[in-house]
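A.B. asks:
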Amino acid sequence: SVLGTTGIVIPYSCSSWIHSIHRGVDVARAAGLDHIAACTGSTSERTVQALYDLPDMALIDMGDFAGGTLKYLKRRPIRRVTLAGGFAKLAKLAQGHLDLHSSRSTVDLADLAAELGALDPATGSAAEGAVSAGEVLALAGAHRPALARRIAERARLAAGEAAGPAVAIEALVVDRGGAILAHVPGW
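In terms of the working numbering, the sequence shown is residues 144 to 330.
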């Protein structure tokens with residue numbers, strides 16, 4: 144089962160979830176939509192909805208299945224895709240993970256500390272002892288927007304590589320409250 148931030152347990156197999164993603168993309172294509180949003184959760188989905196006012200059929204709940212979403216889009220492209228999620232989820236994608244679930248991929252904290260170190264060496268050194276992506280982001284302080292942007296840029300590139308050239312990807316890093324930390328356009 145999948146337990147999200149709502150506390151409501153919704154039983155899904157991984158296969159069923161991925162099939163629901165595929166059907167969502169198929170419906171969007173059949174409706175002639177040229178812009179969809181693939182979101183890791185309800186917070187990022189609400190943020191994208193507020194930003195673009197997309198129809199419900201354009202909102203794809205990809206959860207942790209970035210790979211299943213992006214690979215399907217490679218075979219059945221939609222011209223513009225907004226990829227939105229939290230800092231840690233997009234950091235995993237930026238680092239090349241296509242399955243974003245905590246039991247199947249982990250954030251490379253040394254990589255995040257190095258990204259922060261490129262912005263501010265002292266803060267990057269302090270982040271080397273961090274135990275979570277959230278801690279690295281908190282330590283970033285005034286460099287938080289720049290760090291989030293670097294991660295969004297890398298996530299956009301990784302997603303674009305998986306989805307192929309027919310799909311323009313933009314990336315949004317969203318905090319737990321739904322505020323946009325970084326927005327990297329793809330078109």
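Heads up, the beta-carbon is just placed ideally off N, CA and C, and yes, glycines get one too.
Does the Cβ of ARG222 have 16 or more other Cβ atoms within 10 Å, making it buried, or fewer, making it exposed?
C.D. replies: Within the sequence shown, the letter at position 79 stands for residue 222. So ARG222 counts as exposed.
A.B. asks: May I ask you to verify whether the stretch 199-211 touches the stretch 268-282, counting CB pairs closer than 8 angstroms and requiring at least 3?
C.D. replies: As far as the Cβ criterion goes, the stretch 199-211 does not touch the stretch 268-282, which means the pair count is below three.
A.B. asks: Please go through the same chain and pick out, in chain order, the residues whose beta-carbon is closer than 8 angstroms to the beta-carbon of VAL168, but skip the five residues on each side of it.
C.D. replies: Here the question's residue 168 lines up with position 25 in the sequence shown. Around VAL168: ILE179, ILE203, THR212, TYR215, LEU216, ARG219, ILE221.
A.B. asks: Apart from the five residues just before and just after TYR195, which ones in its own chain have a Cβ nearer than 6 angstroms to its Cβ?
C.D. replies: To locate residue 195, count along the sequence shown from 1; it is residue 52. Cβ within range, chain order: n/a, list empty.
A.B. asks: Identify which residue in ARG293, ARG297, GLY303, GLY260 has its Cα closest to the Cα of LEU282.
C.D. replies: If you number the sequence shown from 1, residue 282 lands on position 139. Of the candidates ARG293, ARG297, GLY303, GLY260, the one whose C-alpha sits nearest the C-alpha of LEU282 is GLY260.
A.B. asks: Which residue from LEU252, MET205, LEU197 puts its Cα closest to that of LEU176?
C.D. replies: Locating residue 176 in the sequence shown gives position 33, counting from the first residue. Taking only the C-alpha atoms, the option nearest LEU176 is LEU197.
A.B. asks: What number of angstroms, rounded off, separates the C-alpha of CYS157 from the C-alpha of LYS232?
C.D. replies: As a working note, residue 157 is residue 14 in the sequence shown. As a working note, residue 232 is residue 89 in the sequence shown. Roughly 17 angstroms separates the two Cα atoms.
A.B. asks: By a C-beta neighbour count over all protein chains shown, 10 Å radius and 16 as the cutoff for buried, is PRO328 buried or exposed?
C.D. replies: For the purposes of this step, residue 328 is taken as the residue at position 185 of the sequence shown. Burial call: exposed.
A.B. asks: Exposed or buried, which one is GLY229 when buried takes at least 16 other CB atoms within 10 Å?
C.D. replies: If you number the sequence shown from 1, residue 229 lands on position 86. With 16 or more Cβ atoms within 10 Å of its Cβ, GLY229 is classed as buried.
A.B. asks: Quick check: VAL317 and SER185, are their CB atoms within less than 8 angstroms of each other?
C.D. replies: Residue mapping note: residue 317 aligns to position 174 of the sequence shown, counting from 1. Residue mapping note: residue 185 aligns to position 42 of the sequence shown, counting from 1. No. Outside cutoff.
A.B. asks: CA-CA distance, GLY321 and ARG189?
C.D. replies: Taking the first residue of the sequence shown as position 1, residue 321 is located at position 178. Taking the first residue of the sequence shown as position 1, residue 189 is located at position 46. Roughly 7 angstroms between the two C-alpha positions.
A.B. asks: List the residues that DSSP assigns as beta-bridge partners of GLY228.
C.D. replies: For the purposes of this step, residue 228 is taken as the residue at position 85 of the sequence shown. Beta-bridge pairing links GLY228 to VAL316.
A.B. asks: Quick one: which unbroken alpha helix (DSSP H) runs of 4-plus residues sit fully inside the stretch 157-208? Chain order, please.
C.D. replies: As far as the stretch 157-208 is concerned, its whole alpha helix (DSSP H) runs of at least 4 residues are 157-173, 185-195.
A.B. asks: Taking Cβ positions, are ALA295 and LEU280 nearer each other than 8 angstroms?
C.D. replies: Position 152 of the sequence shown holds residue 295. Position 137 of the sequence shown holds residue 280. No, these two residues do not count as a Cβ contact at 8 angstroms.
A.B. asks: Nearest to GLY284 by alpha carbon, out of ARG297, ALA227, HIS240, ALA265?
C.D. replies: By one-based count along the sequence shown, residue 284 stands at place 141. With distances taken between Cα atoms, GLY284 lies closest to ALA265.
A.B. asks: Can you name, in chain order, every residue of its own chain whose Cβ lies under 6 angstroms from the Cβ of ALA209, other than the five neighbours on each side?
C.D. replies: Walking along the sequence shown from the start, residue 209 turns up at place 66. For ALA209, where only same-chain residues beyond five positions count, the Cβ hits under 6 angstroms are LEU236, LEU241, LEU243.
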